[in-house]
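Remarks on the structure that follows.
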Amino acid sequence: MSHVSTARARRLRRTGAAAVATSALLGLVGASPAAAVGAASLGAPAPSVLVPAVVAEPDTAPGTASIWSTTGDGGARLSFGGTVAAYASASATATDVPTDVPTDVPTITLGAPAGGQSVTGFGAALTHASAALLASLPGEQRQAVLRELFAPDGPVRLSVVRIPLGGSDFVVGQPYTYDDTAGNVADWNLKRFRTSPDDLVLRPVLRQIRSINPEVVVVASPWSPPAWMKTSLHLNGGRLSQDRRAVGTYADYLVRAAQEYRDAGVPLDYLTVQNEPQTRTWGDYPRMEMPVATQTAVIGALGVKLRNAGLATRILGFDHNWAEHPGDLAAVPAGGDPELDYPARLLRSSAAPWISGTAFHCYYGDASAQEPLHAEFPTKSVWVTECSGSHAPTDTPERIFADTVYWQSKNLVIASLRHWATGVVTWNLALDASGGPHTGGCGTCTGVVTVQDGRVTANAEYYVLGQAARFVPRGSVRVPSTATSAALDQVAFRAPDGSTTVLVHHGGWPATTVRVQAGGRAYDVVVPPWSFSTVRIGPAG
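Going letter by letter, the sequence shown gives residues -36 to -1, 1 to 505 in mature numbering (1 follows the signal peptide of the UniProt record, and there is no 0).
And the structure:
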């Protein structure tokens, strides 16, 4: 990742929020029912293994709507808020509309599923740092934590994992690639290629995740080719070598990685060819600038080679910010092309037939950048493949929790989904209490969970992801939706089982009754202040 400090700057700070405990404890640490993750279930899931106080609630019945919420003050954390019955909405022709229903209630109106946008899933990145921390846990505890996060019947239900191909900024020790050589001696035939370093921690933990949920989608991204393949002769900086063999060899390098991961039992579903290709500055972790022309050439070669190798891995283009960061713009040489429309240029290029979709990061710009891209290329998927929580060094745990819930629910999850995203992936799955281990880059990043001294703590990202992932399963289709209040950001989906889920960000105070109208019926639910809520309408709703 690059320029993560802007993630904090872009968060909308709120004031006057009550300061309470930031996170519920996982591992073998108990939690009070008020602070525990609500385990109201879809299809009788297993109860939370790691939070014994959680009590499963019944499924949402036809003709009813249920609500679960996470509040910025931490008073509710994926907590069940009750079930309400439907009544005929004022817009219906039925004669049994209640006469005592207030008319000035903020209202979300749902249409019929329009098709064109379906959900692949939600998840986080299994970096080498995350894998090492999870691997450090005793076997039973690690299994319980991963089940909590990835089990199809668990409280969170993540279904996408992003991994780095080789080292990133979040590693234990020094970053590496799959073909490092002494003195940067070129190895154009890839005779020294091996992904076996990933067998130390990353691949075993990834296999364990896949054993818990075999349907997990894996997205892989390289931070840098081997140094000998670059103009900088270093994992940091530079571009792909101008040697005529470089494009084909780099494509072979990526194919070999996909083959070895497939053979290891964890096939790569999606592949990008360069993490953050518009990073033009020298830094303290692996990176490489890759202009549109180079990415076009690499993807063109890679697509053919993946097909010839019999691999089903699909290619995502770009893998960088919604808008070009000022730091990257400032590094463009005088008279150079900043390639402000990089994703669109790529999809207009000769590589387009090989590109499944476009990957975005959240560190500059906003999700509305996805809208014109979808309008021009409606058959190409849109992903958000990285977004990390971050904070000022002096921020309290309470403020970190509140800011993350507010910003990620409004600007990451809901906004990305409203602008055609099929998948939303945050950054590190696990970090320690100091935001590491890492070799550079972000020093104040937070993970979905914190692993420290054998204790596993759920962070705000856990609850934000759970509010969406648990209730919007793969294959859910977007439902048109409008709201009468500017304080409500919302997006709705119809699940394969016929239920409808509305994700609601309430950025105001106090708690408010919100009316959800769908199919001639209305449901009045109470949405807490400063919250991220999920309203689920039963299949016959």
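Ideal Cβ placement from N, Cα and C applies to all residues, glycine included. As the structure is a computational prediction, the values presented were derived from the model and not from experiment.
| Asked | Found |
| --- | --- |
| Would the beta-carbon of V389 fall within 8 Å of that of F496? | no |
| With a cut-off of 8 Å on the beta carbons, I'd call V237 and L266 a contact; round off their distance for me. | 7 Å |
| Rounded to whole angstroms, what is the Cα-Cα separation between T343 and Q259? | 20 Å |
| In the DSSP assignment, what are the bridge partners of V268? | Per DSSP, none; premise fails for V268. |
| What do you get for residue 549, buried or exposed, if any count of 16 or more other CB atoms within 10 angstroms of its CB means buried? | Nothing about residue 549 can be reported from this structure: the residues present for the chain run from -36 to 505 only. |
| Quick one: is R167 buried, meaning 16 or more other Cβ sit within 10 Å of its Cβ, or exposed? | buried |
| Could you tell me the boundaries of the beta strand (DSSP E) in which I279 lies? | R278 to N285 |
| Helix, strand or coil: which one does DSSP assign to R92? | Sequence check: residue 92 is His here, not Arg. In this structure, H92 counts as helix in the three-state DSSP scheme. |
| Check for me: the alpha helix (DSSP H) holding Q454 runs from which residue to which? | Q454 -> not in any alpha helix (DSSP H); beta strand (DSSP E) instead, spanning L452 to R458. |
| The alpha helix (DSSP H) that contains Y427, what's its start and end? | A424 to A433 |
| Is R438 near G85, with beta carbons less than 8 Å apart? | yes |
| Going by C-alpha to C-alpha distance, which of G45, D23, G38 and V455 sits closest to F365? | G38 |
| Apply the 10 Å Cβ neighbour rule to P241 and answer buried if 16 or more other Cβ atoms are within range, or exposed otherwise. | buried |
| Taking DSSP as the reference, what is the three-state secondary structure of N239? | coil |
| What does DSSP give as the partner residue(s) for E350 in the beta ladder? | H325 |
| Kindly indicate which three-state DSSP category D488 falls into: helix, strand or coil? | strand |
| Which word fits R485, buried or exposed, when buried means at least 16 other C-beta atoms lie within 10 angstroms of its C-beta? | buried |
| For a test of the three-state rule: what should DSSP assign to G201, helix, strand or coil? | coil |
| So is P492 buried or exposed if we call it buried at 16+ other beta carbons inside 10 Å? | buried |
| With DSSP as the reference, please indicate the residues paired to P128 in a beta bridge. | S185 |
| For V428, tell me which candidate among A29, S43 and A25 has the shortest Cα-Cα distance. | S43 |
| Can you give me the C-alpha to C-alpha distance between L197 and V182, rounded to a whole angstrom? | 30 Å |
| Using the Cα positions of D248 and C409, report the straight-line distance between them to the nearest angstrom. | 16 Å |
| Starting from R500, trace the beta strand (DSSP E) both ways and give me its first and last residue. | S495 to I501 |
| Rounding to the nearest angstrom, what Cα-Cα distance links F134 and R312 in this structure? | 34 Å |
| Take Y327 as the anchor and find which of G405, R419 and F114 has the nearest alpha-carbon. | G405 |
| Measure the alpha-carbon distance for I127 versus Y51 and round it to whole angstroms. | 47 Å |
| Distance check for D216 and G274, CA to CA, integer angstroms please. | 14 Å |
| Give me the residue from L170, W384, V490 and H402 with the minimum Cα distance to V443. | W384 |
| Are A88 and V420 closer than 8 Å when you measure CB to CB? | no |
| Across which residues does DSSP place H470 in a beta bridge pair? | L452 and S495 |
| Comparing C-alpha positions only, which one of G118, F114 and N200 sits nearest to V125? | F114 |
| Nearest-angstrom Cα distance between W494 and G472? | 6 Å |
| Just to check my reading of the structure: G264 and S314 have Cβ atoms closer than 8 Å, yes? What is that Cβ distance to the nearest angstrom? | 6 Å |
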